[in-house]
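Asker: Numbering of the sequence shown is given in the working numbering, commencing with residue 453 and proceeding in unit increments. Ideal Cβ placement from N, Cα and C applies to all residues, glycine included. One structure follows; several queries about it will come next.
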Amino acid sequence: MTADSSSERRFERALASLRGLAVGDALGSQFFVPANYPLLKRRELPPEPWQWTDDTEMACSVLAVLAEHGRVDQDALALSFAHHHDFDRGYGPAVNRMLRLIREGGDWRELAAGLFKGQGSWGNGAAMRIAPLGAWYADDPEQATHQAEISSYTTHQHREAVVGCMAVAAAAALAADPAGPPKPEDLLDGVVALVPRSAVGAGLRRARDMLDYGDAATVAAVLGSGRRTSAHDTVPFALWSAARSLGDFEQAFWTTAQVGGDVDTTCAIAGGVVAATAAGVPPAEWADRTEALPDWLPTGPAGA
Ligand SMILES: [Mg+2]
453 MTADSSSERR FERALASLRG LAVGDALGSQ FFVPANYPLL KRRELPPEPW
503 QWTDDTEMAC SVLAVLAEHG RVDQDALALS FAHHHDFDRG YGPAVNRMLR
553 LIREGGDWRE LAAGLFKGQG SWGNGAAMRI APLGAWYADD PEQATHQAEI
603 SSYTTHQHRE AVVGCMAVAA AAALAADPAG PPKPEDLLDG VVALVPRSAV
653 GAGLRRARDM LDYGDAATVA AVLGSGRRTS AHDTVPFALW SAARSLGDFE
703 QAFWTTAQVG GDVDTTCAIA GGVVAATAAG VPPAEWADRT EALPDWLPTG
753 PAGA
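Here it is in structure tokens:
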């Protein structure tokens, strides 16, 4: 086993990504507060507290299951989502109801498959939580993509939600390459090559073509920025922004947040991917102002 594939090293990388995800989520969600709107234009930090939302809560379950099982165990993941579900963290109504039913003994396979008249959810909820899994599998982007696919089914079974989740995990795995982060175009080319044909994939190819655009608002107008909270309306722009700012968390955050949309989620995705790189840690002051991760999160991999 190499130094980069030891479970301790995997855990460390995934935790770094989770911290970036939590800062992006918590700070991003502050810009749903109307009094904070003017601060966004001036790139000024809003007052504390910065509380994280469902994105971080679910991402903690992803890392907890990887730490315990060394891979995605779907039953353990669904149960962790359900048992740690805090109704006040901004979940969508369908997921709120489903997690309550799982807690009461319902079968996640039936419940997730039955959402939205049997089509499954195409929301961005599987993608928003998955960057730490990509960081965990930094030496194996194909395995990251496969494990992400499995993880998505516990809540989001529509093809676009699954592919969005795969894309974010692939991006985090490629960004976390122990040899150093890729160039923006190589990151998005790598992600496109790892995901199946889909609306998310089409959006990613368009994002790749727009990497040299300086105006994030124009790019967001084309790609979407989560206003419809679907995976295909969220993931391409978040990864466009992350790809351009690998190694610069602040720039990634402001570029992502300034266009509006589902800001906690686009910033959780971009933050989790950028923080998967060694140089992409959030500023210490930002991390200090962000609510601490929950105390049920393991402090290391099982058996370490
Ligand atoms: Mg949220």
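For W748, count the other beta carbons within 10 Å of its own beta carbon; 16 or more makes it buried, fewer makes it exposed. Which is it?
Answerer: Position 296 of the sequence shown, counted from the start, is the residue given in the question as residue 748. When all chains shown are included, W748 counts as exposed.
Asker: Do you know offhand how far S458's Cα is from G755's?
Answerer: Residue numbering aside, residue 458 sits at position 6 when the sequence shown is read from its first letter. Residue numbering aside, residue 755 sits at position 303 when the sequence shown is read from its first letter. Answer to the nearest angstrom: the Cα atoms are 12 Å apart.
Asker: For T751, count neighbouring C-beta atoms within 10 Å of its own C-beta (all shown protein chains included) and say buried if the count is 16 or more, exposed if not.
Answerer: Residue mapping note: residue 751 aligns to position 299 of the sequence shown, counting from 1. Taking all protein chains in view, the Cβ of T751 is surrounded by fewer than 16 other Cβ atoms within 10 Å, so the residue is classified as exposed.
Asker: Between the Cα of G572 and those of Q599, I582 and Q609, spot the shortest distance and give me the residue it belongs to.
Answerer: Residue numbering aside, residue 572 sits at position 120 when the sequence shown is read from its first letter. That would be Q609, whose Cα lies nearest to the Cα of G572.
Asker: The alpha helix (DSSP H) spanning T597 covers which residue range?
Answerer: For the purposes of this step, residue 597 is taken as the residue at position 145 of the sequence shown. P593 to S604 is the span of the alpha helix (DSSP H), which, as asked, contains T597.
Asker: First and last residue of the alpha helix (DSSP H) that includes K569?
Answerer: Your numbering for residue 569 matches position 117 in the sequence shown. Counting along the chain, the alpha helix (DSSP H) containing K569 begins and ends at W560 to G570.
Asker: Under 7 Å: does the beta carbon of D664 sit that close to some heavy atom of ligand 1?
Answerer: As a working mapping, residue 664 is identified with position 212 in the sequence shown. No, Cβ of D664 sits at least 7 Å from all heavy atoms of ligand 1.
Asker: Please identify the residue among S481, A728, R741 and A651 whose C-alpha is closest to the C-alpha of A587.
Answerer: By 1-based counting over the sequence shown, the position of residue 587 is 135. When only C-alpha atoms are compared, the closest one is A728.
Asker: Among A704, D507 and H536, which one has its Cα closest to the Cα of A578?
Answerer: Along the sequence shown, one-based indexing puts residue 578 at 126. Comparing Cα positions, the closest option is D507.
Asker: If you draw a straight line from the alpha carbon of G616 to that of A683, how long is it in whole angstroms?
Answerer: Indexing the sequence shown from 1 puts residue 616 at position 164. Indexing the sequence shown from 1 puts residue 683 at position 231. Each residue's alpha carbon lies about 5 Å from the other.
Asker: Leaving out five residues before and five after A534 in sequence, what residues of the same chain have Cβ atoms less than 6 Å from its Cβ?
Answerer: To locate residue 534, count along the sequence shown from 1; it is residue 82. Excluding sequence neighbours, A534 sits near L551, I554 and R555.
Asker: Would you list the residues sitting across from L742 in a DSSP beta bridge?
Answerer: Taking the first residue of the sequence shown as 1, we reach residue 742 at position 290. Correcting the residue identity first, residue 742 is Thr in this sequence and not Leu. Bridge partners of T742: W502.
Asker: Excluding the 5 residues flanking D525 on each side, which residues of the same chain have their C-beta closer than 7 Å to its C-beta?
Answerer: Position 73 of the sequence shown, counted from the first residue, corresponds to residue 525. Same-chain partners within the cutoff: V517.
Asker: Near ligand 1, which residues have their beta-carbon less than 5 Å from any of its heavy atoms, given in chain order?
Answerer: Sorted by position in the chain, T505, D506, D507, G542 and D716 make up the residues whose C-beta lies under 5 Å from a heavy atom of ligand 1.
Asker: Could you tell me the distance, in whole angstroms, from the CA atom of A628 to the CA atom of S469?
Answerer: Indexing the sequence shown from 1 puts residue 628 at position 176. Indexing the sequence shown from 1 puts residue 469 at position 17. If you take the alpha carbons of A628 and S469, they lie about 9 Å apart.
Asker: Return helix, strand or coil for G476, following the three-state DSSP convention.
Answerer: Locating residue 476 in the sequence shown gives position 24, where the first residue counts as 1. Of the three classes helix, strand and coil, the one that applies to G476 here is helix, per DSSP.
Asker: Report the partner residues of S682 according to the DSSP bridge assignment.
Answerer: Working through the sequence shown from its first residue, we reach residue 682 at position 230. Beta-bridge pairing links S682 to G575.
Asker: With DSSP collapsed to three states, give me the class of L663.
Answerer: As a working mapping, residue 663 is identified with position 211 in the sequence shown. In this structure, L663 counts as coil in the three-state DSSP scheme.
Asker: Give the list of continuous alpha helix (DSSP H) stretches no shorter than 4 residues that lie fully inside the region 484-559.
Answerer: 489-494, 506-521, 526-535 and 545-555
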